[in-house]
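K.L.:
Residue numbers (this note's numbering): 9 to 465.
Virtual Cβ for every residue (Gly too), placed ideally from N, Cα, C.
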Ligand code: URP
Ligand code: ZN
Ligand code: ZN
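1. Could you name the residues that DSSP lists as bridge partners for residue 259?
2. For the alpha helix (DSSP H) that contains residue 111, what are its first and last residues?
3. Quick check on the DSSP output: the beta strand (DSSP E) that includes residue 433 runs from which residue to which?
4. Determine the DSSP secondary structure at residue 416, reduced to helix, strand or coil.
5. Per DSSP, residue 128 forms a beta bridge with which residues?
6. Exposed or buried, what is residue 145 when buried is set at 16 or more other beta-carbons lying within 10 Å of its beta-carbon?
7. Curious, which full-length beta strand (DSSP E) runs of at least 3 residues does the segment 34-107 contain?
8. In the DSSP assignment, the alpha helix (DSSP H) including residue 269 goes from what residue to what residue?
9. Taking the Cβ atom as the reference point for each residue, do residue 156 and residue 134 lie within a distance shorter than 7 Å?
10. Under 6 Å: does the beta carbon of residue 322 sit that close to some heavy atom of ligand 3?
11. To which residues of the same chain is residue 261 closer than 8 Å at the C-beta, ignoring the five residues directly before and after it?
12. Using a Cβ-Cβ cut-off of 7 Å (strictly less than) and excluding sequence neighbours within five positions of residue 219, which residues of its own chain qualify?
13. For a test of the three-state rule: what should DSSP assign to residue 239, helix, strand or coil?
14. Can you find the residues in the same chain that come closer than 7 Å, C-beta to C-beta, to residue 105, ignoring five residues on each side of it along the sequence?
15. When you compare the CB of residue 94 with every CB in chain C, is at least one pair closer than 7 Å?
16. State the beta-bridge partners of residue 28 as determined by DSSP.
17. With a threshold of 6 Å (Cβ to nearest heavy atom), would residue 104 be considered close to ligand 1?
18. Tell me whether residue 64 is buried or exposed, calling it buried when 16 or more other Cβ atoms sit within 10 Å of its Cβ.
19. Between which two residues does the alpha helix (DSSP H) harbouring residue 184 extend?
20. Would you tell me roughly how many angstroms separate the C-alpha atoms of residue 86 and residue 366, rounded to the nearest one?
21. Taking the continuous beta strand (DSSP E) assigned at residue 443, which residues delimit it?
22. To test your reading of the DSSP string, which unbroken alpha helix (DSSP H) runs of 4 or more residues are found completely within the segment 283-350?
23. What do you get for residue 350, buried or exposed, if any count of 16 or more other CB atoms within 10 angstroms of its CB means buried?
24. Heavy atom of ligand 2 less than 6 Å from the Cβ of residue 190, yes or no?
25. Straight-line CA distance for residue 239 to residue 181?
26. In its own chain, which residues sit with a C-beta less than 6 Å from the C-beta of residue 346, not counting the 5 before and 5 after it?
27. Rounding to the nearest angstrom, what Cα-Cα distance links residue 95 and residue 108 in this structure?
28. What did DSSP end up calling residue 151 once you bin it into helix, strand or coil?
29. Quick check: residue 401 and residue 59, are their CB atoms within less than 7 Å of each other?
30. Using the three-state DSSP reduction, which class does residue 171 fall into: helix, strand or coil?
31. Helix, strand or coil for residue 23, going by three-state DSSP, please let me know.
32. Does DSSP put residue 215 in a helix, a strand or coil?
33. Per the DSSP calculation, residue 190 is bridged to which residue(s)?
34. Expressed to the nearest angstrom, what Euclidean distance is found between the alpha-carbon atoms of residue 242 and residue 186?
35. Name the DSSP beta bridge partners of residue 10, please?
36. Would residue 300 be called buried (16 or more neighbouring beta carbons within 10 Å of its own) or exposed?
Right, dumping it as structure tokens:
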């Protein structure tokens with residue numbers, strides 16, 4: 009049976025308007041006022057916004073760090089995503105040392121298979137460069153993986169050097185790909201960690217001291233130069249501070265093709281969290297770390313001025329009990345990362361749109377439309393148009409909600425946003441026309457997520 013969402017306010021990246029939406033076989037087939045509803049299931053969505061399903065292009069589900077495995081796997085992570093209005097995620101398939109990209113991709117397909125409650129795709133993280141890995145990048149594109157990831161930090165495990173960055177960018181340019189970069193100078197991070205530990209500085213607040221903004225600036229600046237030489241398209245992921253933003257803006261002036269992602273935590277939280285009593289600061293141990301409060305407003309302004317392109321969560325969840333506690337005597341052993349996929353849209357609506365920092369169209373642009381355009385999913389995803397997938401989110405601005413770890417869907421024992429008030433509720437979420445979540449709770453029994461083969465540019 010066809011479905012009609014009646015009387016809502018449709019929000020795309022450039023326009024908001026009242027209209028009905030008709031859905032058949034998972035696609036939007038008609039948009040207009042007073043659509044014929046004969047033989048249709050009709051859902052009254054008056055008073056609500058209808059936004060395109062969120063696309064979170066930065067998650068780490070079922071990630072084994074060596075010391076522990078993320079609290080969320082593809083089942084719980086994607087359930088949390090749809091509960092919060094995100095209908096597509098892109099996770100980081102990662103090459104293990106000594107293995108091929110194909111093996112890494114296959115490993116991630118197995119992790120997601122029959123588990124994903126939302127649609128999903130993969131970026132491919134390259135950790136062990138060789139000529140054959142270079143050749144495999146072509147195959148990745150054929151397999152629907154048109155974006156890659158390189159880490160300039162995490163020395164001894166994920167980190168790559170400048171010549172790998174250069175070679176991978178040359179290749180990526182030739183195949184129309186994009187490479188996302190974790191920008192921190194990993195060598196210096198290690199030096200600072202050693203120095204702090206030698207001084208017996210072991211608590212979570214020293215995580216922040218071991219990764220100052222200047223190290224993010226240095227890596228971002230270096231990347232901008234290599235991107236300039238190669239003329240390849242790059243993304244600075246989880247950009248956290250003014251210093252690296254300025255570096256990106258200067259590079260754009262020189263013609264560097266660079267997109268910027270930030271995350272809700274860098275807009276809403278600050279480094280004072282590391283001063284919380286006892287070991288509480290460990291909940292906020294992530295890389296890059298939270299910055300001082302001035303950076304929050306600088307990033308909001310950058311969003312307003314179209315300098316930031318996407319907001320992903322970098323969802324990488326570890327329980328406080330038993331996992332974050334691995335670093336109770338040594339901050340460098342605290343697993344890096346925090347949860348966020350469930351609350352990205354509610355937080356952006358509440359602290360961005362309803363406080364008039366950004367328009368609701370800007371919100372849709374950075375949470376859905378730009379991610380779809382940048383990562384080869386548009387217009388199948390990222391917009392409400394005839395012919396697009398019916399990934400539709402009914403966002404009710406007349407309800408409120410308070411975030412509580414005890415009520416969340418994500419499978420982790422805390423949230424960085426405990427007791428944050430939301431000025432909205434995600435009433436209903438449709439994934440290709442199937443209602444999968446209602447009032448923040450999952451209503452589909454079995455996983456309906458599909459793998460998305462993405463195109464290159
Ligand atoms: O602390 C973080 N961000 N953990 C996840 C891995 C990464 O660097 O993106
Ligand atoms: Zn990273
Ligand atoms: Zn990440």
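P.N.:
So, from the listed chains and residues:
1. Residue 259 pairs with nothing; no bridge assigned.
2. 109-120
3. 433-439
4. coil
5. 97 and 459
6. The residue is buried, with at least 16 neighbouring Cβ atoms inside 10 Å.
7. 35-40, 48-52, 57-60, 62-67 and 94-102
8. Here residue 269 belongs to no alpha helix (DSSP H); instead the beta strand (DSSP E) covers 266-270.
9. yes
10. yes
11. none
12. Cβ within range, chain order: 192, 197, 295, 296 and 297.
13. coil
14. Sequence-distant Cβ neighbours of residue 105 in its own chain, meaning closer than 7 Å and more than five residues away, are 135 and 136.
15. Absent from the structure is chain C; it holds one protein chain and no more.
16. According to DSSP, residue 28 bridges with 40.
17. no
18. buried
19. Careful: residue 184 lies outside any alpha helix (DSSP H) and carries neither H nor E.
20. 27 Å
21. 442-446
22. 301-312
23. buried
24. yes
25. 7 Å
26. Within the same chain, Cβ atoms closer than 6 Å to the Cβ of residue 346 are found at 294 and 424, the five residues on either side in sequence being excluded.
27. 30 Å
28. coil
29. Yes; because the gap between Cβ atoms is below 7 Å, this pair is in contact.
30. helix
31. coil
32. helix
33. 159
34. 5 Å
35. Answer is 48, bridged to residue 10.
36. Exposed, by the Cβ-count rule.
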